[in-house]
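Notes follow once the structure below has been shown.
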Amino acid sequence: MNLEPIPTDRLTFRLPQKFDDVADERRHRQERLVAALRLFGRFGFEEGVAGHITARDPEHTDHFWVNPFGMSFKHIRVSDLILVNHEGQVVHGSYHVNQAAFAIHSMVHQARPEVVAAAHSHSVHGKALSSLGVRLEPLTQDACAFYEDHGLFDDYTGVVVEVEEGRRIARALGSYKAVILRNHGLLTVGDSVDAAAWWFITMERSCQAQLLAKAAGPTVRIEHEQAKLTHGQVGNDLVGWINFQPLYDQIVRSDPDLFD
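Here the sequence shown is numbered in numbering that gives the first Met the number 0, starting from 0 and rising by one per residue.
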């Protein structure tokens, strides 16, 4: 056996794909979107018909792909996705759109043209932390991905069905990667479906860690300078994309029907 070090340029390291063909890019976003939805189902982020992930169409950029209203995350396939225009009308697909998905996501996509995807669901620990009306604290390395990089929508006015409420949420999100919706849950965004989904997954877990730590006793925060440094290391969308890849591989292997 040869034990000489292998040059790093001969080692495999995945990076986000680049596309010359818009149809290929659309299909790629659809596949990633369905994989993210299946993972949300696996992680128990469903709550009846609540929750949605959107992906901006690469050609018609004021349209987005989204999961159909009333379909389980665990069953969604690429062929089930619907395409919604800027007025909330379904222009491709066979199902209705969740009006809350349109009201929130349309305004987020409109306010943030660089955002490809947005994820929102009523996950247990996100809901629990949101009921306290507080932000995530830098208590763990993973939570530092959101240090000074998430907002708080400090209001609750019922189910979001009006675009004006979605516009207010978009303002609370600002230029951040995430926002906590008080008494409601979490919303995350990214420059890829992969990043947006990963930020939601790790934010939910960070909410869980904060709730557990606070219940156990006094906590020790990571100091400001170290939290900022760590955010620079783990808080960009490329890192989010990379972290999503093992989960994507898992769901593709276990749920091969998702591409039907």
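All residues carry an ideal CB built from backbone N, CA and C; glycine is no exception.
Cutoff 6 Å; reference Val133; Cβ partners in own chain excluding five residues on either side: none
Val162 - DSSP class collapsed to helix/strand/coil: helix
In this structure, how does DSSP classify Thr187 when only helix, strand and coil are distinguished? strand
Does DSSP classify Val133 as helix, strand or coil? coil
What number of angstroms, rounded off, separates the C-alpha of Lys73 from the C-alpha of Gly231? 34 Å
According to DSSP, Glu46 sits in a beta bridge with which residue or residues? Ala49
Could you round the C-beta distance between His124 and Leu210 to whole angstroms and report it? I think they count as a contact, below 8 Å. 6 Å
Quick one: what's got a C-beta closer than 8 Å to Arg181's C-beta in the same chain, skipping five residues either side? Ser129, Ser130, Gly132, Leu151, Phe152, Asp153, Asp154, Tyr155
Tell me whether the region 136-143 and the region 71-85 touch, counting them as touching only if at least three CB pairs, one residue from each stretch, are closer than 8 Å. no
Using alpha carbons as the reference points, say which of Gly239, Thr229, Arg13 lies closest to Tyr146. Thr229
Should the region 246-257 be regarded as contacting the region 162-175, the criterion being three or more beta carbon pairs within less than 8 Å? no
Confirm the yes/no value for this check: CB of His223, any heavy atom of the ligand HEM, distance under 7 Å. As far as ligands go, the structure on display features none, and thus does not contain the ligand HEM.
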